[in-house]
Structures are given as structure tokens and as C-alpha cells.
Amino acid sequence: MGMTNTLRGWSPIVAVTAQSLTLSSRIANLTAGDTFDFITSSQGLGKMMVQSAGFDWNGNPVTPPTWATVANATAYVYAGFAPQNLIFHHAGDPAHGFPDIGAVPVKLGR
Amino acid sequence: MKSITLALLLLSTQLAFSTSYTSVQSGDFNADATWGGTGHPHAGDTWTIRNGHTVTCSGLCASGRATPSTCSVDGTVSASGTLTVAPGGILIHSGELDVQHSATVNVQSRFNAAMGSFGTLTIAPGSGATCALNFTNVGQGAPGLNLSGAAGLAGRNVYSVLSCNTAMNGGAGCTIAPEIGGVNANLNFHYFKVTGFGNATLRAFAIFTANSVVLQNGLFDRDGDVYLTMGTCGACNFVVQNVSFTNPTDVTASGNHYTVFEFYANARANGSTRLVQNVTAANQSQTQLYSAYIGMPGLQTGESLLAGDPANINGFIGYNVNLMGAGGSAISQTFRSNAVILDLSAAGSGCYEFPFNSGLTFQDSFCLQRTPNQHEIIAGFTINGGSANFYQRYLCDGDGFFNYDTGDMIQDWGAYTIKNSLGINLCGTMTTISNGGSEVATVTENTNYNNFGETFCESACHDGIHPAFTNNLLVKPADINGTGIRGDDGIHAAAAYKRQTNFSLDYNGFYQMPGSGDPGAEQQPPVPALLPNPALGGIISYVNVPNTFVGNQAWKPISGVTDPTHIACASCNFTQAGSAGVMPGDFFEDNALKQVVTVQSVTDSTHLVLTSPGISGMRPAQDTLSIYTSYWNHPGWYYGDSNNGSHDIHADPMFVDSTRTLCSWYKSTRAARCGARPTGASCRTRGRSSRPPAREERRSIAPRATSRQTASPRLTSCRSTWA
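Protein chains in written order, with our numbering: chain A, 1 to 110; chain B, 1001 to 1723.
Structure (C-alpha cells):
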């Protein structure tokens, strides 16, 4: 897809108040009207997932979190996207064996 | 000057009094009797363990001359000799350590009731020198490097340590080097740590060809590229299991650059075990993406019950480290239960990159990404001898992030099928079809929610590129600016599109398409509006008008309007030869009214008949027209006819819970915030581009801010991104 914005730069944040952020280094050409994002959204999840082999992201030994499995994560999200509308059940292409439409089988028996 | 002089004096003194020791029997490293009864090695000395002798360091041991600039061979384990660092032993060797054929180096640790007894072998190069743990081609038989620790209490295993200490003598670095020719080494690491080997320009394992590799329950920390490749032994094992890689240091040592590890083999296993399971790689940089490479014919990484394996076992998990199924040997590989989480400012980063037509099976894995122009799966180079790739149950979560480009959920340039996959939360265009000859995409039984629709022929195309887009469920496409763009749909064709002779677009479900009037759908339609589906009573569908002008018939003045279905264009040429000619089923747009209808017939080079009811209000000499190509290379075919889309379903799927994301999973499981707090995080800013938007979007981007592109930085808007 095409571009609509230009990335001006990034900088670590050193202080936060309700209405302001203090950056550790200047971002060139930063002007009023620019928008921003934090590069942190998935850090907590990422830090935890990498502990599954027994070390945290600094190399310190940890007890692997047994819940932090790819299977658990995907099963949770997939379960949310199970259609409950039976109209999609076996409504797929006959050439493909009438599959349910979509990535997740229709949840039957609500 | 005085201190330098003193250091040189001390060094020359050390070298001058260096003693060379050769073992005369097996015994302790610090026992004189081991070396002939006249002393034992200390710092500044060299040693050789002779054939058949086992020398054991059980306390604090030191050796090596710390030769500056160019490392000297200060320790040699001769063929069939053994050097053992016993539990509790520490050997600091300031020089190269050569290991000959059939020789063995052991570093051992042992769990005890207290906390464990650790063995450590440290290489400490001299000032400016790079030293190797070097396997040399002398003698017969395979040499071995064994790091043997033990399981301990929870989180407190006992690790055998192999480290490089550059601070001690001002060394430049350490590497572990293979022999050149002959029999390769066996690596057996169980409960281990390898730290400090390699650096920004030096591999930790220097293109290390191994006989067998077993790495289990250990850590590579602050190492350069760990490059391991299987030698000619097809019956030898390659097992990497429960291994972490942290704080990678490579910058340019690898041809690939910024590499955590590389695992390769030239041939398939022959009766041996090859597996990679639960390997993690963490890179804390939020600006530089690192990569991990696996290219071993027939290798399976991770396991999945859904795919028929006996258990769910994580494969590769990377944080700001992506997975590359790369190299000429990356053929017929299986990747299951993998996760890559990218959270950095490196634009265009991909979670996974594979060769196309490599016989890949990629299942039950996810990508969570928030980088500018994110590319979740890329398969953009080919290797010889492969078959179609297969992607199944791939979860792509864009974390609601849009920077300056929607990115691509999957882009594969070969024949492939993507099935049962789920794209959510602004993950990128569902599938980006874009290759001039080799791509044959089958997209079936996938769900796209709050995500961008498929881009069909983004920059290249051929007839036959996309045989099937069927059985997919497309709901509430992502909206990045509140006005709709191509992508704010289920499928759209870009400027490079070519009419398709075989393209099945049917049996798809859709709901909440922009302009459809469905509850929760965007009120404003894209420009032009998504196509209605006549077979479903004219409901606005998920199909966007292709963005390919037919025969350059674009922005031409409408010279005459007889009625809403008959127009004239004196400057047009509708009857050009071949694909440049307008055919029934192509799309006519009155650019001023932004209304689209299909062409019913072409009267002559300057006159068209439009499908009833046509477009009312067209103004000759004022309005312009554009002709867009049909999706099909069959005159008269159009979306919603009896061939295409007539089996589509428009209905609310009633998802169990469409708010579910990977972050909500994490929060529900841990009752913890998915992201980090802003302090200590990074903030990136965007300004409006001086470059005009791509033609594909030019007509549809309105110059106003939206919820994600607000007029000024507001903390309240950012809080949602790290919740």
C-alpha cells in the first residue's frame, strides 16, 4: 500500500506528565500538527513470550511461564473469531467440500 | 607514556618468562605431576595436552600469554587428548586454544543442595587480539566440545559456561572456529551458557561446520552470529531445544548483517534427529531488527496438535528478531507454533521471510507487529527444486498500528495456499498479490477483521496469478483516515492488474463494509463506492473497483450523454486491440459524480452502453470518465453475476468476541498491561509527507485528520497504544 506520511524520527522518552513528554534527543523538523506513537505496545507480551526457553531478555535465568505458548495465544484469539451465525456453516465452495466460511469453524450449539 | 611503558615492560617480562608445559600423564591442571613435576601452567604460560591424557581443572586455573594484536596458540589439546573443566573449576586461558581431531574439551557443572557447582572456561585475548577456540585438522576422528550442566531448582539450573573476556587483557574478541577439512566437531551442550563470543564484526561461531549438534537448555548471551551448519554426516543429529539468544551483538559479521543465529544443512537427515524447538531470541533495540536463519532441508521447527503433532511445543519465538527460512537449503521445511513480535521503528520489517516455492509448511503461528509499513510474511526469493508453500492457521495481529503504510500480511511470489488464517487489528493487506510470472495464489477459508483487504496485483501481474479467493470471511475492514482507501474493503485490484481468465471470486462472507448501512459499518463509502452485488439484491459488497485503466481511457471528457446508459466520448478509443480495448464487464466511472457502473456493450470507439440503470445526471463537456478493467478476462462477466459472487453471503457472523487480540490475551492471562510504560519507551513522530500519495490512493485520501492521525500530539490518544 502507498504512503501517506513521513517518519520524522524517534527518541527515547525520559519524562512524562499528563500533557507532555520529554524526549532525550531532538527530532529534526518536528512541528506542531505532527502525530506520534509509542513503540511499546507489545513489549510486555514480547518480554514474557521469550522467557519460554528459560531466560529473560537480559539473559537472566527464569522459570519458563508455562502459559506463554503460541498455542495458547492463538487458541484464545481464534476462539473469539468463531462465527455463531449458522448461515456460514458448510456454506463454502462445494468444490472444496462445503467448508465453513472463514478461518474458524462456526461455533455450533450456542 | 609511563603507564604504557610499564605495561609493555610487564608484558615483555611475562613473555620472557613464559613456560611451555606438556602433559606427561593425566591429572589435575594445577598439579605439577601432570606436567612432569617441574611446575604447572600459570598466566603467561602455554601448554599441550598430549594424546590420551586427560587434564582436569578443578579449581582456579590460568594460562596463556595474552599476546597482543595477534593471538598465539597457547593451549593445545592434542588428538585424543581431553581438557576438562570440572564442576567448580575456572580456567582462564589468555590465548588461542586448539582442539585437534578426536580431542575433547569438557566444561562441567553439577547441581548440589546449595546452589550448584559451576565450571567455566574463559578465553581472554591479549590486547587488540582476537582469539579462537579452534578446531584443527590434526589426527583422526571427530573432536568434541561438551558443556554439561544440570537441572536445578526452578529457574536455578546449573550451567556450564563458555565465555570470552575481552576486558581482562583488552582483547578484541573471541570466536569458535571449525577445522578446515577433515572430520567436523561434535557440539554437545546441555545446561550451558555461551557469552561474549563474537562481536559486531565477528561471528561467535565462524561458519562452524559441525558433525553433530545438540544444544539444550541453555543461553547464548551477548554473542555475535552463531553460525552452525551440518557437515556431510546425514546420520548425525541436529537438536536445538529450549535455547535462548539474548542481547545479540552482530552488525556486519554475517553476509546478512544483524544476525542472531544461522542454522544450515546441505542435505536432508538420513536416519538422524533434526529438530528445533522452543528457541527464543530477544533483541532490546527498538530501532534495529535482527534476524534468525533456519535453512535445513526437511527440518521441522516446533510442534502443533492441530497439525497432527503429539504436542504443542513452541518453535521459534522472536522479540524484535524475525525468522528467516533462508538459504539455498531452506527447502521442505515445516514451521509450527512460532511467534514473532516486532515492536520497533525499522520500517518495512517482516516477521517471517521464506523462499517462495520452497515446499514450506507454515502453521499455527503468529506475528504481532507494529512497525511502519509492516510486512508480516514475505516470500520473495526462490530456490531450486521446491514445491508450493502452504500457510495455515497463521494469526496476524497489527496491534492497531498504522504509520505511513498499511503493510502486507502475506506476500509470496510463488505458488501457495493460505488457509484458515486470521488477520486482525490493522495487520496489513490480507494478501498482497504482486508478481509478474511465478505467483499463483490460492486464498481460501481465511478471516479478515479490522484489517486491510487483499491487494491484487500491487505492482506486477500476470494472467493466472490468483486462481481462487473463496470461502473467506471479511468483516469491518480497517479504516485509517475515515474516508476509505483501497484496502478499506475485502479485495481490490491495483494499477498493475490484468484481467484473469481463471479467477474464482465466490463463496465469501462479508459484513460491515463501508457504505453498506450495516450496523457498525462506516457511513462514508470509499471513493468510488465498493461494488454492489446484484445477486444479493445490490448490497454493497467487499469488492473494490480495480484501479487499472483500460487502454489509458482515463479522465477523458464526456462529450455526449443520450441517457443514463448511453454516453459518447469524442477523445476516447474504446476499441483498441487486445487488452487495451474496453469489454463488457469493465467499469465506467463518472469522475465528477464518483459513480461507477459496468459497461454493458461497446458501440464503437467513442460510444458505450452502460448497464441499467446507468448513471443519472452526467454532464457532457463537464464530467470526465475513466474506464477500469474487469476482474475477468471474459466479456460480460462481472461481480455478482452467475459466475462470480452469486454464492457470497452477506450476514453478521456474530463472532464470539471480536475484541480478542494477542494483547487482550496477555492481559486476560496475566492481568498485566500488554505494553511497557511510556517512561523508558521510545516515541516516534510523523509529519505529513511532501511526496504526493500513490496514484492508487490519490483519489481517496481526504486532507483531514482522524482519530489515529490527530492534529496534535495528545497523551490521551497515545495511552490506548500501550494499554
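A virtual CB, placed ideally from N, CA and C, is assigned to each residue, including glycine.
Beta-carbon proximity check, residue 1377 of chain B vs residue 1411 of chain B, cutoff 8 Å: Cβ distance < 8 Å, so residue 1377 of chain B and residue 1411 of chain B count as in contact.
Opposing strand residues paired with residue 1422 of chain B [DSSP bridges]: The partner list for residue 1422 of chain B (beta bridge, DSSP) reads B:1395, B:1447.
Presumed contact (8 Å Cβ cut-off) between residue 1533 of chain B and residue 1614 of chain B, rounded CB distance: Residue 1614 of chain B and residue 1533 of chain B do not touch by the CB rule: their CB atoms are close to 18 Å apart, not below 8 Å.
Residue 1516 of chain B versus residue 1543 of chain B: straight-line alpha-carbon distance, rounded: 12 Å
Reduced DSSP category for residue 87 of chain A - H, G, I as helix; E, B as strand; rest coil: helix
According to DSSP, residues forming a beta bridge with residue 1049 of chain B: B:1077
Limits of the unbroken beta strand (DSSP E) element including residue 76 of chain A: Not the beta strand (DSSP E): residue 76 of chain A falls in the alpha helix (DSSP H), residues 70–80.
Outcome for residue 97 of chain A when other beta-carbon atoms lying within 10 angstroms are tallied against a minimum of 16: exposed
Chain A residues whose Cβ lies nearer than 7 Å to that of residue 1744 of chain B: Residue 1744 of chain B lies beyond the range of chain B shown here (1001 to 1723); nothing can be said about it.
The region 1438–1453 of chain B in contact with the region 1417–1427 of chain B per 3-pair CB rule at 8 Å: yes
Limits of the unbroken beta strand (DSSP E) element including residue 1290 of chain B: 1290–1295
Beta-carbon neighbours of residue 79 of chain A, restricted to chain E and to distances below 8 Å: Of the protein chains in the structure, A and B, none is chain E.
Secondary structure, alpha helix (DSSP H): runs of 4+ residues fully inside the region 1194–1272 of chain B: none
Endpoints, the beta strand (DSSP E) within which residue 1363 of chain B is located: Counting along the chain, the beta strand (DSSP E) containing residue 1363 of chain B begins and ends at 1361–1369.
DSSP-derived helix/strand/coil call for residue 1593 of chain B: Residue state, collapsed to three classes: coil.
Helix, strand or coil at residue 1498 of chain B [DSSP, three-state]: coil
Listed by chain order, chain B residues near residue 74 of chain A by CB distance under 8 Å: 1364, 1365, 1366, 1393, 1395
Per-residue DSSP class, three states only, for residue 93 of chain A: coil
Three-state secondary structure assigned by DSSP to residue 1542 of chain B: coil
Residue environment, residue 26 of chain A, which counts as buried when at least 16 other CB atoms sit within 10 Å: exposed
Secondary structure of residue 1413 of chain B, DSSP reduced to three states: Coil at residue 1413 of chain B, not helix or strand.
8 Å Cβ cutoff, residue 28 of chain A in contact with chain B: no
Buried or exposed (CB count within 10 angstroms, at least 16 for buried), residue 1313 of chain B: It counts as buried.
Opening and closing residue of the alpha helix (DSSP H) in which residue 1666 of chain B lies: 1662–1670
8 Å Cβ cutoff, residue 66 of chain A in contact with chain B: Not one chain B Cβ lies under 8 Å of residue 66 of chain A.
The region 1621–1636 of chain B contacting the region 1506–1521 of chain B, beta-carbon criterion three pairs below 8 Å: no
Residue 1607 of chain B classed as buried or exposed, judged by whether at least 16 other C-beta atoms fall within 10 angstroms: With 16 or more Cβ atoms within 10 Å of its Cβ, residue 1607 of chain B is classed as buried.
Boundaries (first-last residue) of the beta strand (DSSP E) holding residue 1277 of chain B: Element bounds for residue 1277 of chain B: 1274–1282.
Segment limits, alpha helix (DSSP H) that includes residue 44 of chain A: Residues 43–49.
Runs of alpha helix (DSSP H) lying entirely within the region 1101–1158 of chain B, each at least 4 residues, in chain order: none
Nearest-angstrom beta carbon gap, residue 1351 of chain B and residue 1322 of chain B [assumed within contact, 8 Å]: 5 Å
Members of the region 1202–1230 of chain B near chain A, C-beta cut-off 7 Å: Those residues of the region 1202–1230 of chain B that come within reach of chain A (Cβ to Cβ, closer than 7 Å) are 1217, 1219, 1221.
The region 1144–1158 of chain B in contact with the region 1103–1114 of chain B per 3-pair CB rule at 8 Å: yes
Contact check, residue 1399 of chain B vs residue 1370 of chain B, beta carbons under 8 Å: yes
Beta carbon of residue 1511 of chain B nearer than 8 Å to that of residue 1653 of chain B: yes
Three-state class that DSSP yields for residue 1534 of chain B in the structure shown: Three-state result, residue 1534 of chain B: helix.
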